[in-house]
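Only one structure is covered here, and it is reproduced in the block below.
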Amino acid sequence: MAYDPRRANSGTSTPQPPPPPPPPPETSTQADMASTTQALETANPANAATDSYKLKFCTVCASNNNRSMEAHLQLSGAPTAFPVISFGTGSLVRLPGPSITQPNVYSFNSTSYNQMYEELSGKDERLYRSNGILNMLDRNRQLKWGPERFQDWVPGVPRVDHLSKGDKGAVGTEGGIVDIIITCEERCWDAVVDDLMNKGTALNYPVHVFNVDIKDNHEEALTGGKAILDLANRLNEAAVAEHRIHGSEGWENGTGPARQSFDEKVPEILADWQEKYPNLPALWTLAWL
Amino acid sequence: MAQPMDNVVDQVAQLNAARSLVLGDAAFYPQIVNGILPLVGASTRLELRRWGANFLAETFASPMLAVAQKEQLAPNVLQTIREILELPETDTTVLQSLVQTSASLYPLVFRHVANNTDRVNNPQDGKSWETMSAIKQDILRRMDSFPCPVKLCCAKFIQRVVQVQTPGLISDPRRPDQNETSLAVVPRNHAILSIPNLEAESSGLLDRLLGVFQEETSDALLVNATLNCLAPLIRTRQSVANKIINAVLEFYPAKHARPPFTPTIRVSVKSMERTARALLINILKKNPNHPLAGRMQMYIERLMQSRLEATDDASRKRGLPNEPTDGLDNAKRARLNALPPPMLKIPPMAPGPASFDRLFTLTEDTGLSSFDVKQLPIDLVLKIVVPLLSQVNDSTLSQAVDAVRTRYQTITKEQNLQRQQQQKAAAQDEDDDYEPEYQPMDVASVVSEEASAVAAEVADLQPELVSLGPFVLPQPPPLSEEEAGEIGRSAVARVFGMLNAAETSPAPAKGQSQQKLGFARLAGSTFDRDAWSVLLARLATRAPAGLENDQQTKGDVRKQTTIAESIRETLYRFILEDFRGRLNIAIIWLNEEWYNDRIRMKSAANQRDDSEEDSEPTVALNYDTWATRLLDGFLAYLDSRDIKVLVRFLSEVPEVTIPITQRVASLAKDPERVNLCVQSLMYLVMFRPPAREMCLNTVEDVYQTYEESRPAAGKVLTKWRPQSTVLETAANAAPEQSEAKPVTSEP
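Just so you know, the sequences run in chain order A and B. When you line the first sequence up against this note's numbering, it's residues 1 to 289, in that order. When you line the second sequence up against this note's numbering, it's residues 1 to 747, in that order.
As structure tokens, this is what we get:
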């Protein structure tokens, strides 16, 4: 079939808006897409709607307290305000105690950050203030109610209540599914991939699972959280670019990398990201919810 | 121009509000889904189609919406999906969501159609299955031309179809609603779903799915997506599990990567390796005694040593943490094993006279080398040594062995030199107080001197061994007959133990090797399960053949069972424990019995020729007894679907006898198994000419005795014995019977 580049949407049944100026996105060809997007975003409400497309994230560490919550904060507090939920893969929530053999142990899903905060500040405020545990819990209780266990998560169950509770990052995750899972330790990555297999992949929904290896202390969690935000921004940029292309008609116009879909770009994005953060060894796979 | 745009924005906002409603309360789903279908269907704008497809994917994946409601919504939704696909749709996002929806819908529609056999002619069911099939064909046909994200979802769709169209476990036949959706829930005579066709299709699709592991250059996305969706198949579909695992075990990601090894390729290869590992670990965790467990372990270890991984880690990994981040951080430590082993530092041999302990001492630590291991109790040593041996690194071991070998060679060279010098010295100066006990039998000669020199040499090396002197085991006390029997039985029990052990060892390897051997195979040469069962059967038949006769002739009427009988008894029980799985052991055994009977009849005949006037040696025939006993044993447990088991047994036993056919005929007593009986007899009639007459007689009997068998048995008789008198009499009697029995013959 003869192809007319000026009629990019000839394959779809979209009613033809009158000719430009200003050009609506449907009629703009792939070639001038990049240069005109900026203008279009402000000019066109429909385009603004597509641009608000965001990947949905999930951060995971062992206790859903330090590393995953730092990343949760970074992702939900970013200018893009990503939809984000967070989990721990351990059997119990373990926080440092007065000595290495006396950790403070709580159960997942039923203890709130606030409870932990109150209990520990009652026990020994000086100790837990100085080792940063209280600061951490204070941050966490402003983000969401309490630590959740990954293995108990049922993907696809709506999380509307989290939205009403005011959890940060809850906007966009009402459907209970995510596009990207980022773990903070190889053991957690193994646990997540294994658990997704056990869950039976019933939703048929693809999910990219990354690991970014972060040491479990406050400083590293902060550096790691920023690096995760960087990764998230790069991934989202690619996803938005894919979303903006209307149909594969526009898509055949581009050449080389421009034709690649978001999914295909993922290994490349991770490799580029890894060059910048050689101290945070990363890992990735494509799994199913 | 802003008009249509605003319209779309408004509509999307309304749709989003509707979505919030159903997320809050799943009860609204039916209303909303039916309401939005016309708004987001084939003829609407891209934004709306995207929204709709996404919403449908979410709806049919949602665990909140009951299966029954999803089934009700399915027909309308299917129609919409088909229309959108036939546009043809080209937007990646829409396609992706539609394929996801189809994957969720497939089991629902399948189950609905499979369960409604009573409404065979229900046009609604027929139509939704037809639409579903059309969607399936469309997806499969276009899969390879789809953009990558859609292709991934297609792979998942294929996995779903395979899972549905492969027989699964029936957990409880009395409660069909609780069974998982699989081919096993489809009735055999379903009007729309033909089991063989569906099975064939799913087998083809599984090959297509696994084909991704054989590509020249792997697509990491597709490989990972496939690996990650295989676990449920392996777990719930026994019949294809081993095929899938083998396909994964043949796949080495590093081999499928082409240089240059850019960072992107490294990421891809590493991700495939780790995902394959995760899958196998998932299987092993579920079933640590899996028959392929050994191969899976080896595969995992080999992946850990992958060269790409090694270079990758060396350059990228930061140093080990100063202290473990928590008490149980062994997972990361273990990775050290993957590094190439360090070169072993071999110190020169300790000075002083050569001894075995010096020869083998490869450490310079005096504390270690002077430690007397004999102080430790033997079981403690075992506890330490066995795990140590399993962890010995190959290359370290070969380095150490090489070191010891070169040491040994230098020592022997030196000693040869010394010996020559000593001989020269001995020739000049005879000095035999070296060996006071040595009494030469002959006159001392050069030869004996040489021997003594060598002996001296050996004595130097092995003082303890030489001083031990010859050791003769004392004669064992004579065994009583009972003891001998007891020991014999325990030996047999151990062979049975091997049979059980071999059963759990890898099966496919066995299959391959046997195929290769073909006729060149010797019984018992492969040390697999079959070999052990041949060994047992021969132990029972050939080895003690004739011994029973001796006992009888001696008039030895003790009731003690002979070893052969006890082996037979045990074999019999062993087979009956799982006669479907162990049928081939039964066949091997019966063949041996039959052959043994022949041989003994022949030798008995020879004996008779030799000693004519003597009493005729009788031969106790075992084949008939045991064949009928086995058949009796499992006939009771056969159900109407076991036709393959029975036919295999009947066709592979060496001889079909009248008692056997009678046993088979008795199956017809049970109305459910009439067909089983007639079909197996028909098989014998068709493919076992020597037994044909016998079987036709039996079929006649069956025909006469059991009325339920008439339709099937009648067909056999009209084909193979049209002149049969039974048919005529039955034909005459038929009119009365058809009047007498309309109620029972039409269930």
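Every residue, glycine too, gets a C-beta built ideally from N, C-alpha and C.
Leaving out five residues before and five after residue i in sequence, what residues of the same chain have Cβ atoms less than 6 Å from its Cβ?
i, result
"residue 673/B", "640, 667"
"residue 75/B", "128"
"residue 603/B", "none"
"residue 168/A", "76, 143"
"residue 411/B", "354"
Using the three-state DSSP reduction, which class does residue i fall into: helix, strand or coil?
i, result
"residue 43/B", "coil"
"residue 183/A", "strand"
"residue 290/B", "coil"
"residue 106/A", "strand"
"residue 126/B", "helix"
"residue 166/B", "coil"
"residue 143/A", "helix"
"residue 387/B", "helix"
"residue 190/B", "coil"
"residue 323/B", "Its pLDDT being 45, under 50, residue 323/B is placed unreliably by the model, and nothing is read from it."
"residue 170/A", "coil"
"residue 217/A", "coil"
"residue 149/B", "helix"
"residue 160/B", "helix"
"residue 363/B", "coil"
"residue 653/B", "coil"
"residue 149/A", "strand"
"residue 52/B", "helix"
"residue 277/B", "helix"
"residue 12/B", "helix"
"residue 175/B", "coil"
Among residues of its own chain, excluding the 5 on either side of residue i, which ones have a beta-carbon nearer than 7 Å to its beta-carbon?
i, result
"residue 269/A", "234, 235, 238"
"residue 691/B", "656, 684"
"residue 660/B", "627, 628, 631"
"residue 594/B", "623, 654, 655"
Going by the CB atoms, is the gap between residue j and residue i shorter than 9 Å?
i, j, result
"residue 205/A", "residue 147/A", "no"
"residue 253/B", "residue 269/B", "yes"
"residue 173/A", "residue 240/A", "no"
"residue 32/B", "residue 40/B", "no"
"residue 71/A", "residue 176/A", "no"
"residue 213/B", "residue 247/B", "yes"
"residue 46/B", "residue 91/B", "yes"
"residue 280/A", "residue 212/A", "yes"
"residue 275/B", "residue 285/A", "yes"
"residue 621/B", "residue 663/B", "no"
"residue 164/B", "residue 182/B", "yes"
"residue 596/B", "residue 541/B", "yes"
"residue 38/B", "residue 69/B", "no"
"residue 303/B", "residue 277/B", "yes"
"residue 567/B", "residue 492/B", "yes"
"residue 113/A", "residue 141/A", "yes"
"residue 267/B", "residue 62/A", "no"
Can you tell me whether residue i is buried or exposed, with buried defined as 16 or more other CB within 10 angstroms of its CB?
i, result
"residue 637/B", "exposed"
"residue 116/A", "buried"
"residue 267/A", "buried"
"residue 356/B", "exposed"
"residue 392/B", "exposed"
"residue 87/A", "buried"
"residue 125/B", "buried"
Quick check: is any heavy atom of the ligand SAM less than 8 Å from the C-beta of residue i?
i, result
"residue 196/A", "The ligand SAM is not part of this structure, which contains no ligands at all."
Whose C-beta lies closer than 8 Å to the C-beta of residue i among residues of the same chain, with five residues either side of it excluded?
i, result
"residue 642/B", "580, 676"
Self-check item: contact_flag[the region 639 to 658 of chain B, the region 572 to 592 of chain B] where n(CB pairs < 8 Å) is 3 or more
Solution: yes
Quiz item: Is it true that the region 137 to 150 of chain B meets the region 192 to 204 of chain B, where meeting means three or more beta-carbon pairs spaced less than 8 Å apart?
Solution: no
Quiz prompt | Stretch pair the region 191 to 200 of chain A + the region 277 to 290 of chain B: three plus CB contacts closer than 8 Å | solution = yes
Quiz item: Are the region 210 to 225 of chain B and the region 150 to 163 of chain B touching, with three or more C-beta to C-beta distances below 8 Å?
Solution: yes
Quiz item: Touch check for the region 674 to 681 of chain B and the region 693 to 707 of chain B: three-plus C-beta pairs under 8 Å?
Solution: yes
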